[in-house]
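There are 2 protein chains.
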Amino acid sequence: MTQLHLQALPDFPLVSPGDDIAALIVASLSAAEARLEPGDVLVVAQKIISKAENRYAYLNEVEPSEEAKALAAKCDKDPRQMEWVLRESREVLRQVPGVVIVEHRLGYVHANAGIDRSNILSDEDNPRLLLLPEDPDDSARRLRADLQALTSVAPYIIINDSAGRAWRNGTMGFALGTAGFAPVENRIGQTDLYGRPLEVTEVAVADELAAAASFLMGQADEAAPVVLLRGAKLSEADCGSQSLIRDRQRDLFR
Amino acid sequence: MTQLHLQALPDFPLVSPGDDIAALIVASLSAAEARLEPGDVLVVAQKIISKAENRYAYLNEVEPSEEAKALAAKCDKDPRQMEWVLRESREVLRQVPGVVIVEHRLGYVHANAGIDRSNILSDEDNPRLLLLPEDPDDSARRLRADLQALTSVAPYIIINDSAGRAWRNGTMGFALGTAGFAPVENRIGQTDLYGRPLEVTEVAVADELAAAASFLMGQADEAAPVVLLRGAKLSEADCGSQSLIRDRQRDLFR
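Chains as they are written, first to last, in our numbering: chain A, 1 to 254; chain B, 1 to 254.
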């Protein structure tokens, strides 16, 4: 029977810089009387990876550039926050009051370069932001290796985040970083029920699973930053998430 | 424990015009020794809804307009297919060789207006296409009512389809029509772990669940056009999917 099961790991602790996420996951699995099985996927919220990697950025520690000041005025944002947004970005794509959408230095199109102020304990005298991980694919790869060392099973990893989209309302989970599997499945060569070649051949499986886990994370009454996903038959591959990002020359909506 | 379970209904038959999808679902559930429970979500592939509603469009039964001919030449498509695309659309947004992206008459931004040639048995002398349902929200509402009449349980319904996206590679499932619940969840007024108001407040839960089910449909070895999804705590609401569609005046990426 074709099925998929998702479970938010219970009682996951708040994460601080330097914490060992793999060890926290193993402890949480153990508390839930669960263990990793081959083929399992772990979806991990970007936020706890960023916290463990100490990706905090302090507003009082930057001097906004002229560009940041001008953009902040247009978008009605704090110029110091905008300075951090620009430092994390390659290009500003859209700017209207309340919204700045950029191409992040790693290629994601993301409001505020994915920089977040929610769920961050901040000192009011020195408020801080949380940046995306330095290299989410590398974070995912290391987490996979750490978990394999602890449990002998190397799960597929997705680091997920949520973002707005063109054309449609509401945010949706997507895969910020991956490890161990092909994030875009190529179905070229497969045929439909009647033997015709499939017209659409590339499926963003990592984003579909990130969205599923993101839904579940949002449903939990308490913080649920890790979801165990069982039943997905993914194609093992030694690659990260770069194939999910459309080449800007081939993007019709910039 | 916060969890979500998805199961593709087994042995689902091929669907023909006039078929009663609700009755087919009840039969398939029964064969799987499953039954609907309050709170269940059924995700149903657009393709079988369109087939049951006889939304076939025949290439030989249209005379392409001059606009269709010109667009077909630019996009390297069949002018008769392009005629159907235009009849189903409000506006052509992008046109390059091999690709035409339109705003469908119901507001979706969709390549080829969602018109498909895969999984359709076609007579080579009179090839045919399959259009989207006339009104997917209405289809979803009727399916929900039919299932309630047959089982006494009114499941939440998502009719899903797959589409490409701006910025990212690969297609992804999304909610084409919904019934029974709020497809965009508004978390305004909720606070984060530290009591700060959430910055991002609208989540496209219907699209997240559609993506999850779409992943599972794509994994099945045989046709699996219906997925039973259990564990989602959705907000019951007497509305369809229109709130998922961004108003064109507020869309920065057109």
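Cβ coordinates follow ideal geometry from the N, Cα and C atoms, glycine included.
Query                                                                                                                              : Result
N60(A) - DSSP class collapsed to helix/strand/coil                                                                                 : helix
Where K51(B) falls, given that 16 or more other Cβ within 10 Å makes a residue buried                                              : buried
Contact list for N169(A) against chain B, beta-carbon separation under 8 Å                                                         : V184, E202, A204, S243, L244, I245 and R246
Euclidean distance between Cα positions of A154(B) and L71(B)                                                                      : 44 Å
Assigned exposure category for V203(B) - 16 Cβ within 10 Å defines buried                                                          : buried
Sub-7 Å separation of A237(A) and A175(A) beta-carbons                                                                             : no
T151(A) - containing alpha helix (DSSP H), residue span                                                                            : P136 to T151
Cutoff 7 Å: V26(A) Cβ touching any chain B Cβ                                                                                      : no
Of the residues S65(B), L93(B) and D76(B), the one placed nearest W84(B), counting alpha carbons only                              : S65(B)
CB contact check: G180(B) to chain A, cutoff 7 Å                                                                                   : no
Three-state secondary structure assigned by DSSP to V85(B)                                                                         : helix
Contacting residues, own chain, Cβ-Cβ under 8 Å from A166(B) (five flanking each side not counted)                                 : F253
Through-space distance from I245(A) to E185(A), alpha-carbon basis                                                                 : 14 Å
Beta carbon proximity, M82(A) to chain D, threshold 7 Å                                                                            : Absence of chain D from the displayed structure is noted, the protein chains being A and B.
Integer-rounded CB distance, given that I158(A) should sit under 8 Å from A206(A)                                                  : 6 Å
Within chain B, partners of S214(A) - CB distance below 9 Å                                                                        : V203 and E208
Under the three-state DSSP convention, the category F181(A) falls into                                                             : strand
CA-to-CA distance, P13(A) to P136(A), given in whole angstroms                                                                     : 21 Å
Below-7 Å beta-carbon distance, R94(A) vs any chain B residue                                                                      : yes
Under 7 Å between C-beta atoms of L86(B) and L6(A)                                                                                 : no
For I49(B) and A210(B), the rounded distance between their alpha carbons                                                           : 15 Å
Buried or exposed (CB count within 10 angstroms, at least 16 for buried), N54(B)                                                   : exposed
Cβ neighbour criterion (16 or more within 10 Å) applied to D40(B)                                                                  : buried
D221(A) versus S235(B): straight-line alpha-carbon distance, rounded                                                               : 15 Å
Identity of the residue in N126(B), L132(B) and V15(B) nearest G114(B) by Cα                                                       : L132(B)
Any chain A beta carbon closer than 7 Å to Q249(B)                                                                                 : no
Test: L4(B) CB closer than 7 Å to a CB of chain A                                                                                  : yes
Cβ pair P10(A), A45(A) closer than 7 Å                                                                                             : no
Chain A contacts from the stretch 54 to 87 of chain B (Cβ-Cβ distance under 8 Å)                                                   : none
Coarse secondary structure for Y123(A), derived from DSSP in three states                                                          : The sequence as given places Asp at residue 123(A); Tyr does not occur at that position. Looking at D123(A) - three-state DSSP - the assignment turns out to be strand.
Cutoff 7 Å: F253(A) Cβ touching any chain B Cβ                                                                                     : yes
Among A224(A), R250(A) and C239(A), nearest to S28(A) - alpha-carbon criterion                                                     : A224(A)
Neighbour-count burial assignment, Q249(A), 16 or more Cβ in a 10 Å radius                                                         : exposed
Best match in P97(A), I21(A), Y108(A) and L147(A) for proximity to E91(A) [C-alpha to C-alpha]                                     : Y108(A)
Contacts around I101(A), its chain only, beta-carbon distance under 6 Å, and the 5 residues preceding and following it disregarded : L93, R94 and A111
CB contact check: K51(B) to chain A, cutoff 7 Å                                                                                    : no
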